[in-house]
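Counting in my numbering, the sequence shown runs from 72 upward without gaps.
Ideal placement from N, C-alpha and C gives every residue a C-beta, glycine not left out.
Working notes, structure below.
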Amino acid sequence: MASLCQACSSSSATPLLLAKRVFSLASSPFIGHKSPRHYSSFRASTSASASTSVCLDLKEVRSTDLVELEYADLNLKYKISEEVGHVRIRQHVNPLSSSFSTPAPVPAWDEVYKDPSLPLMVDIGSGSGRFLLWLAKKNAASRNYLGLEIRQKLVKRANFWVNELGLSNVHFIFANAMVSFEQLISSYPGPLELVSILCPDPHFKKRHQKRRVVQKPLVHSILQNLKPGGKIFVQSDVLEVAQDMRDQFDEEAKVLRHVDTADTEEGWLMENPMGIRTEREIHAEFEGARIYRRLYQKQDSASMIV
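And the structure:
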């Protein structure tokens, strides 16, 4: 089978475009989407002129390689302190455990951010943090970013990367959003502009669905703190979970409106509007899964439905 070098040979292509080209080819029905999932790694080299040359053999492509390509602009270091140690991305956590019942302490916002008056985006369940790091790097002067993550090692590593990148508009907090969101966000000096909940833990078993992060208290807290015109973006690769989140926010039709665009199908957004895919999103799409997305906007009080 031919390699993907020709598709990736353009010196003007960014790593993000390369990743999308590779993913498009790797999932093409003409190549065979049902090929084995276990592949070896890719080769990539960057010249002194900053042009990127990538050579990928289709048999060697795996979803982790596509993640690396998507976030190549960050140039993150993986060699970090022994305190963090091995990090499990897919570790399942019970947010109802007593160990996660204490609200996270509110930080000194003027120490966390260079300008704490900037509009804030909060990512609930920020995972590795690369999604927010990429956004923060692209929008350094216009918005602050906050990641809330219940797995402490991921938070430590993400904040290590913040320091390595020298970013002053992004921060990660070890917190259970179900008990910490209100206390943290209500204390933030600037306006809450955007909240994202992206591919949260599905908790499939019926008796465990009370552990899902999108519950009425959190929905109400988000709406209470979100500025008029602010947005909520949710997505999941599990239809049942996406429908559950959709139903929770659709119940707030007096306050929220579903943002319809030309890219909607069956009420779901076809494309991620953030400009970068999350790691889980990349893995899921590589496996052939569909991503179910909804975007909401808080209405001004004058336009609310009575």
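* Using 10 angstroms around the beta-carbon of M345, count the other beta-carbons present and answer buried if the total reaches 16, otherwise exposed. => buried
* Kindly indicate which three-state DSSP category N296 falls into: helix, strand or coil? => Three-state DSSP puts N296 in a helix.
* To do: Going by DSSP, name the residue or residues bridged to S307.
  => Y363
* Alpha-carbon to alpha-carbon, V138 and K354 -> Position check: residue 354 holds His in this sequence, whereas Lys was assumed. Roughly 8 angstroms between the two C-alpha positions.
* To do: Using 10 angstroms around the beta-carbon of S258, count the other beta-carbons present and answer buried if the total reaches 16, otherwise exposed.
  => Counting the other Cβ atoms within 10 Å of the Cβ of S258 gives fewer than 16, which makes it exposed.
* Return the first residue and the last residue of the beta strand (DSSP E) that R328 is part of. => L327 to H329
* Asked: In three-state terms, what does DSSP make of I221?
  -> DSSP places I221 in coil when its eight states are reduced to three.
* Mind checking which residues open and close the beta strand (DSSP E) that includes D194? => L191 to I195
* When you compare only the Cα positions, how much space is there between R114 and E358? -> Bear in mind that the predicted position of R114 carries a pLDDT of just 33, short of 50, making it unreliable; the figure below should be weighed with that in mind. Approximately 22 angstroms, taken between the alpha carbons.
* Asked: CB-CB under 6 angstroms to V183, same chain, minus the five flanking residues each way: which ones, in chain order?
  -> H242.
* Which one of L327, I244, L289 and V284 has the shortest CA to CA distance from S307? -> V284
* When DSSP builds the beta bridges, which residues end up paired with E336? -> W339
* **Continuous beta strand (DSSP E) stretch holding L147: start and end** => Per DSSP, L147 is not a residue of any beta strand (DSSP E), being assigned neither H nor E.
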